[in-house]
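Sequential numbering from 42 applies to the sequence shown in my numbering.
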Amino acid sequence: MRYYMKGRLLVMITSLAILPAMADQHSHYQAVIAQARDLADAPYQSPEGDLPAPLRKIDYDTYRQIRFDPSNAYWRDDSPFSVQLFHSGFLFETPVHINVIENGNVAPLSFSTDDFSYDGAASALLDHDLTGSGHAGFRLHYPLNRDDYADEFAVFLGASYFRLVGRDQVYGLSSRGLAIDTASSDGEEFPAFREFWLHKPDADADQVELLALMDSPSLSGAYRFVIQPGDKTRVEVEAALFARDNIAKLGVAPLTSMFTFGETSRERPDDYRPQVHDSDGLLIQTGTDEWIWRPLSNPDSVRISSFFDDNPQGFGLMQRERDFNRYLDTEAQYHRRPSQWVTPLEDWGKGHVELVEIPTPDETHDNIVAYWVAEEPMEAGDSRRLHYQTYTLNSQPENHALGRVVRTRHGRAEVPGQTEETNEGERQFIVDFQGGELGEIATDQPVELDISNRKGDIKLPQVTALPNGGWRASFRLPASDQPSDTRLRLTLEDEPVSETWNYVWYPDD
Numbered sequence: 042m043r044y045y046m047k048g049r050l051l052v053m054i055t056s057l058a059i060l061p062a063m064a065d066q067h068s069h070y071q072a073v074i075a076q077a078r079d080l081a082d083a084p085y086q087s088p089e090g091d092l093p094a095p096l097r098k099i100d101y102d103t104y105r106q107i108r109f110d111p112s113n114a115y116w117r118d119d120s121p122f123s124v125q126l127f128h129s130g131f132l133f134e135t136p137v138h139i140n141v142i143e144n145g146n147v148a149p150l151s152f153s154t155d156d157f158s159y160d161g162a163a164s165a166l167l168d169h170d171l172t173g174s175g176h177a178g179f180r181l182h183y184p185l186n187r188d189d190y191a192d193e194f195a196v197f198l199g200a201s202y203f204r205l206v207g208r209d210q211v212y213g214l215s216s217r218g219l220a221i222d223t224a225s226s227d228g229e230e231f232p233a234f235r236e237f238w239l240h241k242p243d244a245d246a247d248q249v250e251l252l253a254l255m256d257s258p259s260l261s262g263a264y265r266f267v268i269q270p271g272d273k274t275r276v277e278v279e280a281a282l283f284a285r286d287n288i289a290k291l292g293v294a295p296l297t298s299m300f301t302f303g304e305t306s307r308e309r310p311d312d313y314r315p316q317v318h319d320s321d322g323l324l325i326q327t328g329t330d331e332w333i334w335r336p337l338s339n340p341d342s343v344r345i346s347s348f349f350d351d352n353p354q355g356f357g358l359m360q361r362e363r364d365f366n367r368y369l370d371t372e373a374q375y376h377r378r379p380s381q382w383v384t385p386l387e388d389w390g391k392g393h394v395e396l397v398e399i400p401t402p403d404e405t406h407d408n409i410v411a412y413w414v415a416e417e418p419m420e421a422g423d424s425r426r427l428h429y430q431t432y433t434l435n436s437q438p439e440n441h442a443l444g445r446v447v448r449t450r451h452g453r454a455e456v457p458g459q460t461e462e463t464n465e466g467e468r469q470f471i472v473d474f475q476g477g478e479l480g481e482i483a484t485d486q487p488v489e490l491d492i493s494n495r496k497g498d499i500k501l502p503q504v505t506a507l508p509n510g511g512w513r514a515s516f517r518l519p520a521s522d523q524p525s526d527t528r529l530r531l532t533l534e535d536e537p538v539s540e541t542w543n544y545v546w547y548p549d550d
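In structure tokens:
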């Protein structure tokens, strides 16, 4: 697992009263909503970390030598689910409160060094009084891949970050509770989950529910997560937000990922691996049922793309390339990194999906963010309800039946051996589609290319049937010093048979 310092990413807490015992789960959530509303009505108070001094001084290597003992996992003897805890220290200097709700009663998970093993350099920590260390976060386990072993399938650690995996997947991209002012000139604000309440599942449960209290300078919020592990690990997210201050840009259901280089990269590092990324594209299903595919990039400068819509049906960051031979990385196993899809469970109205691409020198930094931004801003005193589902997957969202982009390539348009430089500066693009409805179309059918460029011309557009059952769209962009925003899709009898490919070419990259 990777840990990053991203602005004010450290988890924050305040002194919060323990929830009273209640009869049903809905009442517990209502109590957290009431706490969030009360927080927003008061001035923001930044939590003060009171971590024991030895834990504030440890480095990454020492922190990794502190491990939760699986034999101490909570619930392991009473439920198919179990909980393991993260130790505070290193980047995580301000603990979070973690509580368990069982039979209507609420009890805190108190810190104990007996829950952990302290190996190597970390063993010296036991010479100190670690009272008050608390926990940085937690992870959930379930027999995901086989019946006799409880796999980790979800982790909540740092600010409002959480990660999910489904069956036979490894951790890749992250989810967040919210994104505030991402890529803004004033700097990003990282809201944090201060406290959690975990409902203890029954012996035959196939899902787990947890509640979270969020706080930040701009807002507070109550969250309810219902997580069902499986081939596609699904999470129903419900939230009530209360604004303490005006918020310029509120990012809903944010997904954070990494793209260092791939098939669209113009320049590549000196690396034996063909591709290095957790996700290779953004996929959007619009309110009018258009599917849009945007390949990701590692730009020279921060780039923000907005896809305006009314009541979108979903969006996600996808890892479409699942072939190990396309990565050759036995350690990172990028071919097993999950895609993740977000589906609104209530209308989101007008707004836009925003994609942020940030330069990164290597794979140790997440540099891709995608989220929904409502057209109506959230101002001080406003409240807002969120309700959506997010889930991991290996292939396509369940209702995507069109041909999908499987390859994007580009290069110089000059013809080898040509003496006259008539094509100098032109760029040749090929976009290959496969699957969905395309698999049922004979090669002699009149498949056409619907293509447009926001600025400038398109040269030599054409569509070609491929010998592997796919179809290829190809075109050239004339020489220009300006970015070129191109959209294309395949049609048959004026009806789309493929998703829409959208790409912005920057000549200076």
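All C-beta atoms, glycine included, are put in the ideal place defined by N, C-alpha and C.
Bear in mind that the values here come from a model prediction, so they are computed numbers and not experimental data.
{"Item": "Bounding residues of the alpha helix (DSSP H) (the contiguous stretch that carries Asp-256)", "Value": "It is not in any alpha helix (DSSP H) - Asp-256 instead sits in the beta strand (DSSP E) that spans 249 to 256."}
{"Item": "Buried or exposed (CB count within 10 angstroms, at least 16 for buried), Ile-99", "Value": "buried"}
{"Item": "Touch test, the segment 261 to 274 against the segment 67 to 81, Cβ-Cβ under 8 Å, three pairs minimum", "Value": "yes"}
{"Item": "Pair within 7 Å by beta-carbon distance, Thr-223 and Val-447", "Value": "no"}
{"Item": "Simplified DSSP state of Pro-502, which is helix, strand or coil", "Value": "strand"}
{"Item": "Between the CA atoms of Glu-540 and Gly-444 - distance to the nearest angstrom", "Value": "6 Å"}
{"Item": "Straight-line Cα distance separating Ser-226 from Ile-139", "Value": "35 Å"}
{"Item": "Phe-259 (DSSP reduced to helix, strand or coil)", "Value": "According to the sequence as given, residue 259 is Ser; it is not Phe. If DSSP states are grouped into helix, strand and coil, Ser-259 belongs with coil."}
{"Item": "For Glu-387 and Asp-2, the rounded distance between their alpha carbons", "Value": "One cannot answer for residue 2 here, as it falls past the ends of the chain, which runs 42 to 550."}
{"Item": "Beta-carbon contacts of Tyr-375 that lie in its chain and below 6 Å, excluding the five residues immediately before and after", "Value": "Tyr-368"}
{"Item": "Under the three-state DSSP convention, the category Ala-163 falls into", "Value": "helix"}
{"Item": "Distance cut-off 6 Å: Ala-114 Cβ against heavy atoms of the ligand SAH", "Value": "The ligand SAH is not part of this structure, which contains no ligands at all."}
{"Item": "Residue closest to Ser-436, alpha-carbon to alpha-carbon, out of Ala-244, Asp-119 and Arg-377", "Value": "Arg-377"}
{"Item": "Helix, strand or coil at Val-52 [DSSP, three-state]", "Value": "Its pLDDT being 30, under 50, Val-52 is placed unreliably in this model, and the value from its coordinates should be taken loosely. Looking at Val-52 - three-state DSSP - the assignment turns out to be coil, as it is neither helix nor strand."}
{"Item": "Member of Leu-479, Ala-520 and Tyr-313 whose CA lies at the smallest distance from the CA of Glu-536", "Value": "Leu-479"}
{"Item": "Pairwise C-alpha distance: Pro-93 and Asp-170", "Value": "8 Å"}
{"Item": "Residues near Gln-469 by beta carbon distance below 6 Å, same chain, minus five either side", "Value": "Gly-452, Ala-454 and Arg-517"}
{"Item": "Under the three-state DSSP convention, the category Thr-103 falls into", "Value": "helix"}
{"Item": "Glu-14, DSSP secondary structure in three states", "Value": "It is not possible to answer for residue 14, since the shown part of the chain is limited to 42 through 550."}
{"Item": "Start-end ranges of the alpha helix (DSSP H) lying completely within the segment 350 to 386, minimum 4 residues", "Value": "none"}
{"Item": "Pair within 7 Å by beta-carbon distance, Phe-231 and Leu-251", "Value": "no"}
{"Item": "Cα-Cα separation, Glu-481 to Gln-475", "Value": "11 Å"}
{"Item": "Inter-residue CB distance, Gly-390 and Asn-352 (contact presumed, cutoff 8 Å)", "Value": "6 Å"}
{"Item": "Distance between Ser-525 and Pro-400 (C-alpha atoms, nearest Å)", "Value": "20 Å"}
{"Item": "Proximity of Leu-214 and Leu-358 at Cβ, strictly below 7 Å", "Value": "yes"}
{"Item": "Own chain partners of Asp-522 with C-beta closer than 7 Å, once the 5 adjacent residues on each side are dropped", "Value": "Pro-548"}
{"Item": "Exposure label - Asp-145; buried when at least 16 CB within 10 Å", "Value": "First, the residue type needs correcting, since residue 145 is Gly and not Asp in the sequence shown. With fewer than 16 other Cβ atoms within 10 Å, it is exposed."}
{"Item": "Span of the beta strand (DSSP E), counted from its first residue to its last, around Ala-411", "Value": "409 to 415"}
{"Item": "For Ala-253 and Glu-19, the rounded distance between their alpha carbons", "Value": "Since the first residue shown for the chain is 42 and the last is 550, residue 19 is missing from the structure and cannot be characterised."}
{"Item": "Where Val-249 falls, given that 16 or more other Cβ within 10 Å makes a residue buried", "Value": "buried"}
{"Item": "Host alpha helix (DSSP H) of Ala-94 (start-end)", "Value": "94 to 97"}
{"Item": "For Leu-126, three-class secondary structure by DSSP", "Value": "strand"}
{"Item": "DSSP beta-bridge partners of Glu-230", "Value": "Ile-221"}
{"Item": "Residues that Asp-473 bridges to, as DSSP identifies them", "Value": "Arg-448 and Arg-513"}
{"Item": "Distance, Glu-465 Cα to Thr-305 Cα", "Value": "20 Å"}
{"Item": "Cβ-Cβ distance between Ser-347 and Asp-319 below 7 Å", "Value": "no"}
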